[in-house]
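Trainee: Below: one structure in structure tokens.
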Amino acid sequence: MKHRGRHRRRRRGQALRATLAGTALALTAAATLISTSQASGSGAPGALTSVSQAGPLRLHENLVDTNTLDTLTRRMGGNVGVAGVLASTDHVMRDRAGCDAAETAALPVEPTATRAYCWDRADTTNPGWVPRAVTTSGDADDDGAWDENRVILAGWTHSARTAGAAGTPARDRSLARIAVIDANDPDRLTYRWILLVAPTDGGKDFTAVRSRLSGMVWYQGKLIVTAESGTDRAGGLLVFDLHRILRADAGGGAIGKVAGGYAAHGYQYVLPAIGSYTPTGGRCDPTTDRGTPCPGALSLDRSSAPDSLVASERVRAGSDRHTRLWRYPFSLSTDTAGGGLLASDAFGRVEASEAYETKATGVSAVLSHRAEGASGPDWYVDRASDPRDALWRQNTSGAKAAECSADQSHACWGRGTRSLSYWQQTGELWTLSPKGALYAVPLTSVEESLG
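With positions in the sequence shown counted from 1, the corresponding number in our numbering is that position plus 528.
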């Protein structure tokens, strides 16, 4: 395993090792004139307000027993790894010239996307599958590569609302999958799908993870995603280990052990969950103020010390209550088992290190970044439901959004943006649109448009 650059991780204390049971199992069941003045009007989210970090934001770490994971890995022929998936990519992304009008219409007006791609058309014709989250090897390692490869991961979820529609099998309902994208050649991005699963029966079998992926972060060897399954809103996070990508050796629509091997609903690769983080205050409710928050968007902040996982609360657009934004520090461990997990104490408790409140609702993407010499971090929030298509920069002093029309009726950002991931080495801000575009914008260009 390669050296991890400037970061030095202390070894964690004895972690509480628990099987993925109880609540954790419930989780898996489941331009133009640009105005850079201070944004105003009813849509402005205002300055951030510091709020209590304790209680509702506390998580408990639940890790699957290593023997269970080793059993499943052994039975399925050993770890394939990210490199193994990249060596067998079978889809090609279309470049901007190959995207259709609906796909390019979602791109930002100003600043202009420096790179833009659209998915293989075979993956855009099924109305049930929706791209929701993005993270990169720039998150995974500070040199921007994973085993010398530049990689982008995009999380898709099958919407339960379209299950049973024409051409949409009901068995796809709420499945979660990851596109592993080979980004070594910027002129030709290729990818392959892996299905998210959870080990069962002591590692002898596995089942599908059926959960909406509204957020996702790849840090060191771990992939952390939001967890939600239908009406069972546990409000936690699921954890996967990219050192444990496994190959399914049987075809068909089944998921798990079958006669002659293991099947994965037609997918060649699976990524089993190695644990979860569950809220200690009980299940979340997006309609309840000050209760346990339902995590929505996620991102990585490398400008904090230590590096941290940033989260936004899922609050319905137009709600009369505010949205919480907060962060959890990552563990300083350098070993394969502990590296990439959130910092927890000897009892498995994970505490938020910072929390704020914003008047913004319907937040679909969040990012925190502290510029060199700044007194504190700026928070960038996107509201996919905002008719102004605005990306807001907020801090404790105020909020700004660049405008792309004289009457300030339309903002510069892309339409319906979901997820934000900052690739520190290249300075690119990567994001997704619901129309199928994956694109990058330099963070410096975003800042220039904001003034």
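Quick reminder that beta carbons are idealized off the backbone N, C-alpha and C, glycines included.
Quick one: what's K785 bridged to in DSSP?
Mentor: K785 pairs with Y790.
Trainee: Below 7 Å between beta carbons: does that hold for D906 and R921?
Mentor: In this structure, R921 lies closer than 7 Å to D906 by Cβ.
Trainee: Tell me, please, which residues DSSP counts as bridged to M604.
Mentor: Answer is none; M604 lacks a bridge partner.
Trainee: Exposed or buried, which one is D618 when buried takes at least 16 other CB atoms within 10 Å?
Mentor: With fewer than 16 other Cβ atoms within 10 Å, it is exposed.
Trainee: Applying the criterion that 16 or more other CB atoms from any shown protein chain within 10 Å of the CB defines a buried residue, is P823 buried or exposed?
Mentor: Buried.
Trainee: By Cβ distance below 6 Å, which residues in the same chain neighbour Y795 in space, the five residues on each side in sequence not counted?
Mentor: Around Y795: W721 and L723.
Trainee: Say yes only if the C-beta of T663 is nearer than 6 Å to one or more non-hydrogen atoms of the ligand FAD, and no if none qualify.
Mentor: You won't find the ligand FAD in this model; it holds no ligand whatsoever.
Trainee: Between the Cα of F734 and the Cα atoms of V894, P970 and T596, which residue gives the shortest distance?
Mentor: Out of V894, P970 and T596, T596 has the C-alpha closest to the C-alpha of F734.
Trainee: Quick one, are the C-beta atoms of T851 and A888 less than 7 Å apart?
Mentor: For T851 and A888, yes; Cβs fall inside 7 Å.
Trainee: Please determine, among L576, S580 and G574, the residue with the shortest C-alpha to C-alpha distance to A880.
Mentor: The option with the nearest alpha carbon to A880 is S580.
Trainee: Suppose you measure from the CA of D835 to the CA of Y856; what does that come to, to the nearest Å?
Mentor: Roughly 9 Å separates the two Cα atoms.
Trainee: Would you list the one or two residues that DSSP bridges to Y967?
Mentor: In DSSP, Y967 forms a bridge with A644 and T959.
Trainee: Throw me the rounded Cβ distance for the L717 and M621 pair, which I believe falls under 8 Å.
Mentor: That belief holds up - the Cβ atoms of L717 and M621 are roughly 4 Å apart, short of 8 Å.
Trainee: Alpha carbon to alpha carbon, how far is L978 from Q566? Give it in angstroms, no decimals.
Mentor: Confidence in Q566 is poor, its pLDDT being 36 and thus under 50, which makes the residue's placement unreliable; the coordinate value appears in the next sentence. Looking at the two C-alpha atoms, the distance is approximately 9 Å.
Trainee: Taking the straight line between their C-alpha atoms, what separation do you get for E676 and T815?
Mentor: If I take the Cα positions, the gap works out to 45 Å.
Trainee: Distance, Cα to Cα, S832 vs D669?
Mentor: In a straight line, the C-alpha of S832 is about 15 Å away from that of D669.
Trainee: Per DSSP, which residues does G829 bridge with? Please list them.
Mentor: According to the sequence displayed, residue 829 carries Asp and not Gly. D829 is bridged to S836.
Trainee: Please list, in chain order, all residues of the same chain as R678 whose beta carbon is under 7 Å from its beta carbon, the five residues on each side excluded.
Mentor: Hits under 7 Å: S665, G672, A711 and N712.
Trainee: Pull up the distance between the alpha-carbon of A825 and that of G626, whole angstroms please.
Mentor: Straight-line Cα distance between these residues: approximately 29 Å.
Trainee: Sorted by chain position, which residues of the same chain lie with C-beta nearer than 7 Å to G569's C-beta, five sequence neighbours on each side aside?
Mentor: Caution applies to G569, whose pLDDT of 40 falls short of 50 and renders its modelled position unreliable; the value that the coordinates give is listed next. Once the five neighbours on either side are set aside, G569 has no close Cβ partner at all.
Trainee: Buried or exposed: G901, going by 16 or more other Cβ atoms within 10 Å of its Cβ?
Mentor: Per the 10 Å Cβ criterion, exposed.
Trainee: Could you give the residue range of the alpha helix (DSSP H) that holds A668?
Mentor: Its alpha helix (DSSP H) spans residues S665 to A668.
Trainee: So, is S616 buried or exposed, given that buried needs 16 or more other C-beta atoms within 10 angstroms?
Mentor: So S616 counts as exposed.
Trainee: Hey, could you find the ends of the alpha helix (DSSP H) A629 is sitting in?
Mentor: A629 to T632 is the extent of the alpha helix (DSSP H) around A629.
Trainee: Is A704 closer than 7 Å to T728 when the C-beta atoms are compared?
Mentor: No, they are not a contact pair.
Trainee: By the DSSP assignment, the alpha helix (DSSP H) with L491 in it spans what residues?
Mentor: No answer is possible for residue 491: the residues shown for the chain start at 529 and end at 979.
Trainee: In the DSSP assignment, what residue or residues form a beta bridge with D733?
Mentor: D733 is bridged to T728.
Trainee: Would T663 be called buried (16 or more neighbouring beta carbons within 10 Å of its own) or exposed?
Mentor: Counting Cβ neighbours within 10 Å, T663 comes out buried, since at least 16 surround it.
Trainee: Which residues mark the beginning and the end of the beta strand (DSSP E) in which H686 is found?
Mentor: Looking at the DSSP string, the run of the beta strand (DSSP E) that includes H686 is V679 to H686.
Trainee: Suppose contacts are defined by Cβ-Cβ distances below 7 Å. Is V608 in contact with R775 by that definition?
Mentor: In this structure, R775 lies closer than 7 Å to V608 by Cβ.
Trainee: With distance defined between alpha-carbon atoms, name the residue in G656, Y790 and L919 nearest to G779.
Mentor: Nearest option by C-alpha distance: Y790.
Trainee: Whole angstroms is fine: what's the gap from D926's alpha carbon to R603's?
Mentor: Checking the sequence, you will find Gly at residue 926 rather than Asp. Looking at the two C-alpha atoms, the distance is approximately 55 Å.
Trainee: If the criterion is Cβ atoms closer than 7 Å, does the pair L960 and R943 meet it?
Mentor: Against a cut-off of 7 Å, the Cβ pair of R943 and L960 comes out as no contact.
Trainee: To which residues does DSSP link A707 through a beta bridge?
Mentor: Beta-bridge pairing links A707 to A682 and W721.
Trainee: Among Y908, G868 and W854, which has the Cα closest to the Cα of L860?
Mentor: Answer by Cα proximity: G868.
Trainee: Buried or exposed for G784, please, with buried defined as at least 16 other CB atoms from any protein chain shown within 10 angstroms of its CB.
Mentor: The residue is buried, with at least 16 neighbouring Cβ atoms inside 10 Å.
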